[in-house]
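A quick write-up on the structure given underneath.
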Amino acid sequence: MNSTAVFRQQLEASGLVHAYSLIPFALLVVLAVRRVNAVVAMIATIAVSVAITYLHSTPDLAKLGGWFYSGFSLEGEFDKIGKLVSRGGLESMFFTQTIVILGLSLGGLMFSLGIIPSLLEGMRRFLTTAGRATASVAATSVGVNVLIGEQYLSILLSGETFKPVYDKLGLHPRNLSRTLEDAGTVINPLVPWSVCGVFIANALGVPVLNYLPYAFFCYLSLILTLLFGWTGLTLSKK
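What follows is the structure, given as structure tokens:
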């Protein structure tokens with residue numbers, strides 16, 4: 001019997017594969033299409049998932065609470081699918097949560113002390129063209145990602161700082177938004193100590209430096225944004 005057949009056989013024998021396991025996913029899709037608040041949609045989906053789990057396997061509250069905290073662990077002779085389904089829980093997220101908290105704390109401290117605003121203020125006087133503005137926003141966003149490792153902070157700090165520059169140059173805010181996205185959001189997964197980098201590396205079991213050469217979208221987006229900024233292509237005026 002080949003490995004695929006064994007894998008399928010173990011999935012069926014585990015009792016985890018059943019038609020009504022798709023109900024939470026279907027509910028989430030419906031709520032998303034109806035534009036229900038994201039938090040409400042997640043809570044509703046979790047509640048339905050817990051109800052289905054309880055009806056399917058009738059775990060006691062202690063075991064259910066343990067799954068929430070430590071994650072689900074498949075018991076029995078299921079060596080092929082054990083690693084696939086034995087995961088999750090709040091405990092598995094602690095390291096990522098710690099990185100987020102420390103990143104936001106460090107960024108907030110540097111911002112409150114005036115360190116980052118002072119550095120950015122010194123750059124603004126040289127921003128007299130769209131190309132320079134685009135390059136400066138990109139460099140700042142990438143720099144914050146590398147120094148602090150928090151993509152949201154790179155977007156907030158760079159956006160608030162350079163918005164007046166774009167207004168002065170007569171550029172539409174969507175240009176700033178695109179640059180922040182291409183240099184702030186999608187670059188974060190390429191930084192090994194960033195929030196996204198840590199999460200992806202832990203989830204996939206692949207170090208950031210190993211998948212970095214193949215993350216074409218991440219660095220090509222930045223290159224194209226810089227190219228369009230200097231050439232003026234696709235830039236929108238107010």
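Reminder that position 31 of the sequence shown reads as 31 in the UniProt record's numbering, one-by-one numbering, no gaps. Just so it is clear, CB atoms sit at the ideal spot from N, CA and C, and this is done for glycine as well.
Alpha helix (DSSP H) segment containing residue i, residue limits
i      : result
Pro164 : 151 to 168
Ala201 : 195 to 204
Ala138 : 130 to 147
Phe217 : 216 to 231
Leu190 : Counting along the chain, Leu190 falls outside any alpha helix (DSSP H), and DSSP gives it neither H nor E.
Leu209 : 208 to 211
Residue closest to residue i, alpha-carbon to alpha-carbon, out of the options
i      : options                        : result
Thr134 : Asn188, Glu150, Ser236, Leu113 : Ser236
Leu169 : Gln10, Ala130, Ile101          : Ala130
Ile223 : Ala139, Leu209, Ser158, Val208 : Ala139
Leu226 : Leu55, Arg178, Leu102          : Arg178
Met93  : Arg132, Ala26, Phe68           : Phe68
Phe126 : Pro192, Ser141, Val165, Glu150 : Val165
Lys163 : Glu121, Ile187, Cys196, Ser21  : Glu121
Phe228 : Asn202, Arg132, Phe199         : Arg132
Gly89  : Trp230, Thr98, Ser70           : Ser70
Gly149 : Thr98, Glu160, Gly114, Leu119  : Thr98
Pro117 : Val144, Ile101, Phe95          : Val144
Thr185 : Ala203, Met123, Phe217         : Phe217
Sheet register partners of residue i (DSSP bridge)
i      : result
Lys238 : DSSP lists no partner for Lys238.
Leu171 : Lys237
Nearest-angstrom Cα separation, counted from residue j out to residue i
i           : j      : result
Ile46       : Gly205 : 26 Å
Ser49       : Phe72  : 13 Å
Asp167      : Ser158 : 14 Å
Thr128      : Glu181 : 22 Å
Asn221      : Pro59  : Reading the sequence as shown, one finds Ser at residue 221 and not Asn. Their Cα atoms are separated by approximately 47 Å.
Leu176      : Thr4   : 48 Å
Thr234      : Leu171 : 11 Å
Leu156      : Ala19  : 43 Å
residue 282 : Leu31  : Within the shown structure, residues of the chain are numbered from 1 to 238, placing residue 282 beyond reach of any answer.
Cys196      : Leu153 : 13 Å
Ser136      : Ile23  : 47 Å
Gly108      : Pro189 : 21 Å
Short CB-CB distance (under 9 Å) between residue i and chain B
i      : result
Ser118 : Annotation note: the requested chain B is absent from the structure, which comprises a single protein chain.
Let me know the beta strand (DSSP E) ranges lying completely inside the stretch 14 to 77, each 3 residues or longer, listed in chain order.
-> none
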